[in-house]
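Peer 1: Below you'll find the structure I mean.
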Amino acid sequence: MSELGISIYPSKSSFDEMQSYLTQARELGYKKIFTSLLEVTGDTATVVDHFKKIIQYGNQIGMQICIDINPKLFKQLNIDYSDLSFFKELGVTTIRLDEGFTGYEEAKMTFNPWH
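Have a look at this one:
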């Protein structure tokens, strides 16, 4: 059986707007959230905290989170391909690989304790 999901873009909405949207979506039977960290601009710590807050709320109401990532993000956030704990701590269920991976990076990500 398929499950329905929604997309959110924390860089474009306030926490309160997204919280209301997620609550309504969950009440309507949605179980998955897709978001993207490809747009990290400005103060990285502030952006990550904003994402983390809404992701935690999604987890709290029983939703699974899929996040879009690319090699540039790994460099920007100083994340090693063999240690995906950043995404675990963020509360992400699934990562979606977008553009520019060579095969080597995917292999390294496969062999880490956080997959």
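Under the UniProt record's numbering, the first residue of the sequence shown carries the number 1, and numbering increases by one thereafter. Where is the CB? At the ideal position from N, CA and C, for every residue including glycine.
(1) Nearest by alpha-carbon distance to Lys-72: which of Tyr-81, Ile-65 and Tyr-21 is it?
(2) Short of 7 angstroms in beta carbon distance, which residues of its chain neighbour Lys-108, apart from the five on each side in sequence? Order them along the chain.
(3) Alpha carbon to alpha carbon, how far is Tyr-9 from Ser-36?
(4) Following the continuous alpha helix (DSSP H) through Phe-101, name the residue where it begins and the one where it ends.
(5) Among Asn-78, Gly-5 and Ile-6, which one has its Cα closest to the Cα of Val-48?
(6) Let me confirm a value: Phe-87 is counted as buried when at least 16 other C-beta atoms fall within 10 Å, else exposed. Which label applies?
Peer 2: Answer, in terms of the structure:
(1) Tyr-81
(2) Tyr-81 and Ser-82
(3) 7 angstroms
(4) Phe-101 -> no alpha helix (DSSP H), and no H or E assigned at all.
(5) Asn-78
(6) buried
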